[in-house]
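Numbering (this note's numbering), first residue to last: 19 to 295. Glycine included, every Cβ here is placed at the ideal spot set by N, Cα and C.
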């Protein structure tokens, strides 16, 4: 069966995914310092980070419209899958579901399913790869859905950022008592909750200690060898350091390292690292 996987632009596509012909991106959009940026192949990370540094206002993002998703669903592929960043953090999931409803009202029934990643960034990447793996094995549409939903249940997301300011100002840290004491160089190790919210896992002083603590937490949670996925915002060396630290303590089926796209760059900020297993 032919298939198509739509990943909102908080998720990064590897070069292999881009070349496969089975993946498409539903772009979110960003406003910063009077500039409107579409998070697509034209995104310039260096220029974007410069605009953030120069702006007195916090950048804001907006999710793809239901009509945008509807357009992506309108294609020849028989199985359509959408993967969105956590429904607890964005309206992208609801927009994708509404787009499905609009499509069916206009064109009739079709095998379309929307996955709430309960993650973000490279977590969405891994989910997209899992869908493709299932399709290549010849699983039925329902079997793909069941297998991937079970995969999402087992997935863990971790991140360590230079600053949590943008997450905090955009209301993504609601319910957390975490107060970032930048004067003391406190770097909280953060992670995902089972429902896709953000939780604080540990407090550390300094990025080096934070990376060590994050690696310890990942290893403690790791039950079986999985694919290790790391995304970084303008800090490849830091991502490589995390990879090497993890390889000293655990085995992985494969390793993926990508630079963050627009939305992930906005929230991770310069120097941020996200790990998903």
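Exercise for review: Taking 8 Å as the threshold, find out whether the segment 260-276 comes into contact with the segment 49-67 through three or more Cβ pairs.
Suggested key: no
Exercise for review: Please classify residue 49: does DSSP put it in a helix, a strand, or coil?
Suggested key: strand
Point to revise | Alpha carbon of residue 19 to alpha carbon of residue 36, nearest angstrom | key: 20 Å
Point to revise | Alpha-carbon spacing of residue 111 relative to residue 238, whole angstroms | key: 30 Å
Point to revise | Rounded distance between the beta-carbons of residue 61 and residue 101, thought under 8 Å | key: Between residue 61 and residue 101 the Cβ distance is about 19 Å, and since that is not below 8 Å, they are no contact.
Review point. If residue 46 sits next to residue 84, beta carbons under 8 Å apart, how far is it from one beta carbon to the other, in whole angstroms?
Key: About 14 Å; that fails the 8 Å criterion.
Exercise for review: Evaluate contact between the segment 169-189 and the segment 209-218, counting only Cβ atoms and requiring at least three cross-stretch pairs below 8 Å.
Suggested key: yes
Check your understanding: Taking the C-alpha atoms as reference points, what is the distance between residue 277 and residue 30?
Key -> 8 Å
Point to revise | Cβ pair count under 8 Å reaching 3, the segment 119-126 against the segment 86-104 | key: yes
Practice item. For my contact list, residue 97 and residue 159 are in at a C-beta cut-off of 8 Å; report their separation, rounded to the angstrom. Key: 5 Å
Review point. Of the choices 247, 177, 190 and 243, whose alpha-carbon is the least far from that of residue 220?
Key: 177
Check your understanding: Counting along the chain, where does the alpha helix (DSSP H) carrying residue 65 start and finish?
Key -> 63-72
Practice item. List the DSSP bridge partners of residue 223. Key: 204
Check your understanding: What are the residues that DSSP puts in a beta bridge with residue 22?
Key -> 98
**Study point:** Buried or exposed by the 16-neighbour rule on C-beta atoms within 10 Å, applied to residue 168
**Key:** exposed
Check your understanding: Mapping DSSP to helix, strand and coil, what is residue 214?
Key -> coil
Review point. Can you tell me whether DSSP reads residue 277 as helix, strand or coil?
Key: strand
Review point. How about residue 109 and residue 25: do their beta carbons lie closer than 7 Å?
Key: no
Exercise for review: Name the residue from 72, 240, 252 and 225 whose alpha carbon lies nearest to the alpha carbon of residue 202.
Suggested key: 225
Review point. Which residues bound the beta strand (DSSP E) around residue 291?
Key: 291-294
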